[in-house]
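Participant: So in the working numbering the end of the sequence shown lands on 460, straight run, no missing numbers.
Backbone N, C-alpha and C fix where the C-beta goes; we use that ideal spot for every residue, glycine too.
To start, I am sharing the structure in question, which I have written as structure tokens.
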Amino acid sequence: MAMKNLSFLAVLSLLALTLPLAIASDPSPLQDFCVGVNTPSDGVFVNGKFCKDPKLVTVDDFFMAGLQNARPVANVVGSNVTAVNVNNLPGLNTLGISLVRIDYGVNGQNPPHTHPRATEILYVGLGKLLVGFVTSNGDGNRLFTKTLNEGDVFVFPEGLICYELTYY
């Protein structure tokens, strides 16, 4: 009897170790959207911004114009970042996403930086970019680098040091 119990326990332990099941995700939002406002007069505080009363939300809270316009790049790094985030597109509040347009000049760069809580995806609309990221110490700080052309897309994993620079 003891041998049967031991065998059963061994099989059960083996199954527990070989068939791990993990179901994990962010919790579903409590509301359809939370358009960000800076004043509490007409809202509820959620995740860094007050939520606009849903009855006062309009389609323009989910719209931003002007991203097609290039911006001047005459500065030290030779680039200019136009951010699209909750500060200029209030409908992004609590959605966990943002976007930037980066204009580069000759030899322009987006200096090494990290995104501690986000993955970056880059699309090249015009020109060529040399891009790369460095893995963490667990992988010996390996450099991944690639030259991108118009129409190419590149993904930078969350939290890793990454950079972009132009050359013509």
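Within a Cβ cutoff of 6 Å, which residues of the same chain sit near PRO404, ignoring the five residues on either side of it in sequence?
Facilitator: Only ILE453, TYR455 meet the Cβ criterion.
Participant: Give every residue of the same chain whose Cβ lies closer than 7 Å to the Cβ of VAL416, excluding the five residues on either side of it in the sequence, and list them in chain order.
Facilitator: For VAL416, where only same-chain residues beyond five positions count, the Cβ hits under 7 Å are LEU440, ASN441, GLU442, GLY443, ASP444.
Participant: Measure from the alpha carbon of TYR396 to the alpha carbon of each residue in PHE354, ALA366, ALA302, LYS296, then state which is nearest.
Facilitator: For the residues PHE354, ALA366, ALA302, LYS296, the minimum Cα distance to TYR396 belongs to ALA366.
Participant: Around the Cβ of GLY432, are there at least 16 other Cβ atoms within 10 angstroms (buried) or fewer (exposed)?
Facilitator: Exposed.
Participant: Enumerate, from N- to C-terminal direction, the unbroken beta strand (DSSP E) stretches of 3 or more residues contained entirely within the segment 373 to 428.
Facilitator: DSSP runs (the beta strand (DSSP E)) wholly in the segment 373 to 428: 391 to 396, 401 to 405, 412 to 415, 421 to 426.
Participant: Go ahead and pull the three-state DSSP assignment for VAL351.
Facilitator: Reduced to three states, the DSSP call for VAL351 is helix.
Participant: When you compare only the Cα positions, how much space is there between GLY370 and ARG434?
Facilitator: Each residue's Cα considered, the two are about 27 Å apart.
Participant: Quick check: LEU391 and VAL378, are their CB atoms within less than 8 Å of each other?
Facilitator: No, the Cβ-Cβ distance between LEU391 and VAL378 is not below 8 Å.
Participant: In the structure shown, what three-state DSSP assignment does GLY430 receive?
Facilitator: Here GLY430 sits in helix by DSSP.
Participant: Assign PRO364 to one of two classes, buried (16 or more other C-beta atoms within 10 Å of its C-beta) or exposed (fewer than that).
Facilitator: Exposed: under 16 other Cβ atoms inside 10 Å.
Participant: Taking TYR459 as part of the beta strand (DSSP E), name the residues at either end of that continuous run.
Facilitator: Counting along the chain, TYR459 falls outside any beta strand (DSSP E), and DSSP gives it neither H nor E.
Participant: In terms of residues, what are the limits of the beta strand (DSSP E) holding THR439?
Facilitator: Unbroken beta strand (DSSP E) run through THR439: 435 to 440.
Participant: Looking at THR458 and ASN399, is the spacing between their C-beta atoms short of 8 Å?
Facilitator: Yes; because the gap between Cβ atoms is below 8 Å, this pair is in contact.
Participant: Rounding to the nearest angstrom, what Cα-Cα distance links LEU421 and PHE446 in this structure?
Facilitator: Spanning the two alpha carbons is a distance of roughly 10 Å.
Participant: By alpha-carbon positions, which one of CYS343, ASN402, ASP324, PRO319 ends up nearest to ASN330?
Facilitator: Looking at the Cα atoms, CYS343 is the closest of the given residues.
Participant: What does a CB cutoff of less than 8 Å around GLN401 pick up in its chain, not counting 5 residues either side in sequence?
Facilitator: Cβ within range, chain order: VAL369, GLY370, SER371, TYR455, GLU456, LEU457, THR458.
Participant: Taking all protein chains shown into account, decide if PRO321 is buried (16 or more other Cβ within 10 angstroms of its Cβ) or exposed.
Facilitator: By the neighbour-count rule (16 or more Cβ atoms within 10 Å), PRO321 is not buried but exposed.
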